[in-house]
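J.: Below: one structure in structure tokens.
Protein chains: 2
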Amino acid sequence: MQNYNALLARLAEITHLRRASAVLGWDQQTYMPGGGGMARAQQLTALRKLTHEMFTAPQTSELLAAAETECAGLEPESRERLTLRLVRRDYDKAVKLPLSLVAELAHATATGHQIWVRAREHSDFSAFAPTLEHLIDLMRQQAEAYGYEERPYDALLDKYEPGMKTSEVEAVFDALRPGLVDLVRRIGAAEQIDDSVLRRDFDKEGQQLFGEYVAARLGYDFHRGRLDETVHPFCTSFSRNDVRITTRYERNWLPAALMGTIHETGHALYEQGYDPADDDTPLQRAASSGVHESQSRLWENIVCRSRGFWKVYYPELQRHFPGVLDEVSLDSFYRALNRVTPSMIRVEADEVTYCLHIMLRFEMEKGLLDGSIAVSDVPAVWNEKMRDYLGIVPANDAEGCLQDVHWSGASFGYFPTYALGTILSAQLFDKARSEISGLDSAMAQGDFSGLLAWLREKIHRQGGRWLPAELVQRACGEPAQSSSYLNYLNSKFAEVYRLESASQAV
Amino acid sequence: MQNYNALLARLAEITHLRRASAVLGWDQQTYMPGGGGMARAQQLTALRKLTHEMFTAPQTSELLAAAETECAGLEPESRERLTLRLVRRDYDKAVKLPLSLVAELAHATATGHQIWVRAREHSDFSAFAPTLEHLIDLMRQQAEAYGYEERPYDALLDKYEPGMKTSEVEAVFDALRPGLVDLVRRIGAAEQIDDSVLRRDFDKEGQQLFGEYVAARLGYDFHRGRLDETVHPFCTSFSRNDVRITTRYERNWLPAALMGTIHETGHALYEQGYDPADDDTPLQRAASSGVHESQSRLWENIVCRSRGFWKVYYPELQRHFPGVLDEVSLDSFYRALNRVTPSMIRVEADEVTYCLHIMLRFEMEKGLLDGSIAVSDVPAVWNEKMRDYLGIVPANDAEGCLQDVHWSGASFGYFPTYALGTILSAQLFDKARSEISGLDSAMAQGDFSGLLAWLREKIHRQGGRWLPAELVQRACGEPAQSSSYLNYLNSKFAEVYRLESASQAV
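Chains as they are written, first to last, in the working numbering: chain R, 104 to 609; chain A, 104 to 609.
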């Protein structure tokens, strides 16, 4: 096992350096003073260039090949073989990218982000259009460099959802769409919910304390993490024992920070829950962006937007904001938190309309990549699709096609994983419920340890051993499906909106 | 200039990576959760190993030699020749260290810090002793690897005070000691000062706001820096435009955070004041740790413990703490702030006894390095020396031999520079006063811009062009001397303590 061990030692060094980059990225978004930006970009560029060079160096290739020979006799599902399969996949992908394209992408995204920020501030898509044009060109080059069997978009999707094809995403979305559209229609016809209780005056300190309180209750270990404030909330980690989350406070909109904190807590529980035996090895990573998102959405929506959760924690919330929610009933609060309404901004969308926002972006990305949508037409096509899907039209580019950061960062192919994760969260929860006796009653008393233990075993501790499709099959005993999610939505929102039970069968 | 430019480009990459290490170090001491320590040690080790490898690689040596040939015809004091002199000095030193020792030191210090923090919390030297033993062994190896003409300690001292010998430090201290001891004795015989006004209830927020207010008044640019809270205050920088300081708040001891903040501000003014033309070049660095300390001590003591400073800012301080200092006169406050009394904690020592704390540590380090002091005897020897020098004995290790962070960071050889810098601060201020017309009256109105401009020109913008001895000669027109410092102390404290003027001649 000499070569295998030498390979792992080399990869561990690279991991340490990548984690150093992550620390710099965290600092950049949390505490870095304004003046520090230029030097920080240089530091990050130097580090990323170096780790790419180290990973794609001939030494890696030689050690990998030698380790593969060394381990060829082992079981295909042995730790060593699974590790080598993962590294081989990464390596073969990484070496396909010419260094010039890596450098050009780094530069284009670094400058692209600034241009997007300004364009969004001025709600002016035309200021971002040339940058987007250039980034799409680079995305096409990247897709060609990686290669694909069916469609160029496959090559980009594979970065975030290994092994998944564009056509498979289309099949999932096609199966989901009619049910969602029908549910939105039925909710639209029902009596609307007033969510003004969530727009009262919630002081920031109370929001932070309650957010930390809930995160800890869900199982987030603050000895191995911390919560900070940023413009764009995120979760990042520098090891299994240093997994940090951030949130954004809005004084007059309680869900922004609270549900954001819980969402990131879900991501953090995944990374804090990796197998300690995988520390510093290639296996210690998420199976995919979609699986990662399934964890954040499961805790955010299925657990923490449930009536059972608030039966236990609503009194605690009321205590955190004396005088603010005293006369508001649990039922009013619960229904306000689950209000469904077509809205412009994806990250603020309710559970029912959320995936429609994703389908729109998926279609835009495919069209931009294959040229069937021209960059100059992006605002018009976006608005048209918003009317089709949600019946509303953005008043400007800032609340329309400029709202998301992803394109400026060349993250084409990422959006679908938000929906895939959301769909998977319901399937996983169904399975957990069927396997854990007394889960509902434990959760009704605010005890999530059984659910967390199940996720730890089935998902978290598996790390990156399996392709996402394999992981779902192993955890659920069936392939990924969207019926759990549709059933969950129909059942939950029939109750929230007091819909006719007849319409629930979709 | 092809080789010279290629050398600078290579060194700039290394600088970016070193700065990345500094970010990780800052995070480690400010916000890192407890669980993150082990992985952080690995990250820092990987980065430091890598930068050492890059700097000592044959490519550096070849480029350096070629650049030296290329620039041989230029003036010795040309930018290029000064740069190459500095790089040559660094390179010749760095290649002497085996990579294994670099890695072992990086790891030992990263873990050592955590162990020291816990040992200090529990005031238990024995918990830190094995770590210290190991670090001293590494220090001995380092001294042997660097080599020295006279004594092993020279090799360590040279890291912080380039070109200075242990025997020279001893000569400076020998010259200083009698005057300090005499002044301490005379002050001891005088009527004592009551500093209880500084022990009133100063809320943390007020302390932070006033500290930031003063730092900004002195010239610290918060757009290019920030103030945080740590166990051990420090200043660090990731570029000229991201220079951060930290402090430690004590609710019932105003000077801890306030004078600590000002001290670190002095360091930060140095680094924020480097020449922009030197950005990312080897010239952008401090001349030495002693010169660095001269800046912090100048602002902390000579400026901000002066009667003139408080004439302007005492009313502002009173406003920051309503009701706390209302009836306390400026004179009482000023004298309390300048109370001289033997004390346990170096960083809280008054100006007169401060250098005695340093002499103690200098002797401890020399003894530990040459084996004449055993690690197990550190608490006893420390306490004995405290009795000798200051007539007091620590009640426990936390206020004794565990108080300083330095040994856990393998910073043997650093302590003497605190005294050297303190001594230099008075010499520099004397010179500034003689060259800036109206300095006293400007400062009496709270205007420090003239002093800062002088320091910018003579010290800050010079960066690392000159060896410390050269820099002092150029700035002051004479070699370093301690008479300015003794005169300053005698004159100031004769007034504060109303001593007999006859005894002032030392």
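All residues carry an ideal CB built from backbone N, CA and C; glycine is no exception.
#1: How many angstroms separate the CA atom of A:R103 from the CA atom of A:V394?
#2: Does DSSP put A:V609 in a helix, in a strand, or in coil?
#3: Would you kindly work out how many angstroms separate the C-alpha atoms of R:R400 and R:Y437, rounded to a whole number?
#4: Under the rule that 16 or more other beta-carbon atoms within 10 Å means buried, what is R:A112, buried or exposed?
#5: Give me, in chain order, the residues of the same chain whose beta-carbon lies closer than 6 angstroms to that of R:A578; leave out the 5 immediate sequence neighbours on both sides.
#6: Pull up the distance between the alpha-carbon of A:A149 and that of R:T148, whole angstroms please.
#7: Assuming the contact rule is C-beta atoms closer than 8 angstroms, R:L283 and R:V508 should be a hit. Round their C-beta distance to whole Å, please.
#8: What's the call for R:R347, buried or exposed, on a 16-neighbour Cβ count within 10 Å?
#9: Have a look at A:H216, A:E598, A:G314, A:L602 and flag the residue whose alpha-carbon is nearest the alpha-carbon of A:T368.
#10: Which residues, in order along the stretch 204-224 of chain A, keep a beta-carbon less than 7 angstroms from a beta-carbon of chain R?
#11: Between A:S606 and chain R, is there a C-beta pair that is closer than 8 angstroms?
#12: Beta-carbon of A:A142 versus every beta-carbon of chain R: anything under 8 angstroms?
#13: Residues in the same chain with beta-carbon distance under 7 angstroms from A:Y517, minus the five sequence neighbours each way, listed in chain order, please.
#14: Expressed to the nearest angstrom, what Euclidean distance is found between the alpha-carbon atoms of R:R536 and R:P336?
#15: At a threshold of 7 angstroms, does A:D453 count as lining the ligand GTP (C-beta to nearest heavy atom)?
#16: Between the C-alpha atoms of R:E403 and A:R143, what's the straight-line distance to the nearest angstrom?
#17: Taking 8 angstroms as the threshold (beta carbon to beta carbon), is R:D381 in contact with chain A?
#18: Please state the DSSP three-state secondary structure of A:E332.
#19: Rounded to the nearest angstrom, what separates R:Y373 and A:S409 at their Cα positions?
#20: Measure the CB-CB distance between R:S226 and A:G139 and report whether it falls below 8 angstroms.
#21: Count the C-beta pairs between the stretch 462-469 of chain A and the stretch 517-531 of chain A that are closer than 8 angstroms, then say yes if the count reaches three, no if not.
#22: With a threshold of 6 angstroms on Cβ separation, who are the neighbours of A:V478 within its own chain once the five nearest residues in sequence on each side are excluded?
#23: Say whether chain A places a C-beta atom closer than 8 angstroms to the C-beta of R:L589.
#24: Helix, strand or coil for R:F341, going by three-state DSSP, please let me know.
#25: Is any beta-carbon of chain A found at less than 8 angstroms from that of R:V609?
#26: How would you label R:I448, buried or exposed, when you count the other beta carbons within 10 angstroms and need 16 or more for buried?
#27: Quick check on A:R347: does DSSP put it in helix, strand or coil?
#28: Taking the alpha carbon of A:S435 as the reference point, which residue from A:R422, A:E224, A:S299 has its own alpha carbon closest?
#29: Find the nearest neighbour of A:G470 within the set A:A125, A:E252, A:Y256, A:T186, judged by alpha-carbon distance.
#30: Using the C-alpha atoms, what's the distance from R:V190 back to R:E252?
#31: Comparing alpha-carbon positions, which option in A:D130, A:H563, A:T339, A:G137 lies nearest A:D378?
#32: Cβ of R:N325 less than 8 angstroms from any chain A Cβ?
#33: Is there a C-beta anywhere in chain A that falls below 8 angstroms from the one on R:V126?
#34: Name the chain R residues whose beta carbon is nearer than 7 angstroms to that of A:Q162?
#35: Rounded C-beta distance between A:F228 and A:V443? I'm assuming under 8 angstroms.
T.: The relevant details are as follows:
#1: Here chain A covers residues 104 to 609 and nothing more, so residue 103 of chain A does not appear.
#2: Legend: pLDDT at A:V609 = 42, less than 50; position of this residue unreliable, no value from coordinates given.
#3: Rounded to whole angstroms, the separation of the alpha carbons of R:Y437 and R:R400 is 18 angstroms.
#4: Per the 10 Å Cβ criterion, exposed.
#5: Around R:A578: K561.
#6: CA-CA distance, A:A149 to R:T148, rounds to 17 angstroms.
#7: With 8 angstroms as the limit, R:L283 and R:V508 do not qualify as a contact, their Cβ atoms being about 25 angstroms apart.
#8: So R:R347 ends up on the buried side.
#9: With distances taken between Cα atoms, A:T368 lies closest to A:G314.
#10: Legend: CB atoms of the stretch 204-224 of chain A lying less than 7 angstroms from CB atoms of chain R are not found in any residue.
#11: Residue placement at A:S606 cannot be trusted, given a pLDDT of 47 that sits under 50; the coordinates are not used to answer.
#12: Yes, A:A142 lies at the interface with chain R (some Cβ there is under 8 angstroms from its Cβ).
#13: These residues qualify, in order along the chain: Y263, S392, H509.
#14: For the pair R:R536 and R:P336, the Cα-to-Cα distance works out to about 30 angstroms.
#15: As far as ligands go, the structure on display features none, and thus does not contain the ligand GTP.
#16: R:E403 and A:R143: Cα-Cα distance of roughly 30 angstroms.
#17: So, not an interface residue.
#18: It is a strand residue.
#19: When rounded, the separation of the alpha-carbon atoms in R:Y373 and A:S409 is 56 angstroms.
#20: Cβ atoms of R:S226 and A:G139: not closer than 8 angstroms.
#21: They touch, by the three-pair rule.
#22: The beta carbon of A:V478 sits closer than 6 angstroms to those of A232, L235, E236, all from its chain and outside the five residues before and after it, given in chain order.
#23: No, R:L589 lies away from the interface with chain A (no Cβ there is under 8 angstroms from its Cβ).
#24: Of the three classes helix, strand and coil, the one that applies to R:F341 here is strand, per DSSP.
#25: With a pLDDT of 41 at R:V609, under the threshold of 50, the predicted position of this residue should be treated as unreliable, and no value is reported.
#26: R:I448 comes out exposed.
#27: In the structure shown, A:R347 sits in a strand (DSSP, three-state: E or B).
#28: Closest option to A:S435, Cα to Cα, is A:S299.
#29: For the residues A:A125, A:E252, A:Y256, A:T186, the minimum Cα distance to A:G470 belongs to A:Y256.
#30: One C-alpha to the other measures close to 21 angstroms.
#31: When A:D130, A:H563, A:T339, A:G137 are compared, the shortest CA-CA separation from A:D378 is found for A:H563.
#32: One point to set straight first is that residue 325 of chain R is Phe, not Asn, in the sequence displayed. At least one chain A Cβ lies under 8 angstroms of R:F325.
#33: Taking 8 angstroms as the CB threshold, R:V126 lines the interface with chain A.
#34: Chain R residues near A:Q162: none, gap ~14 angstroms exceeds 7 angstroms.
#35: In fact, because the Cβ distance is near 28 angstroms, the residues do not count as touching under 8 angstroms.
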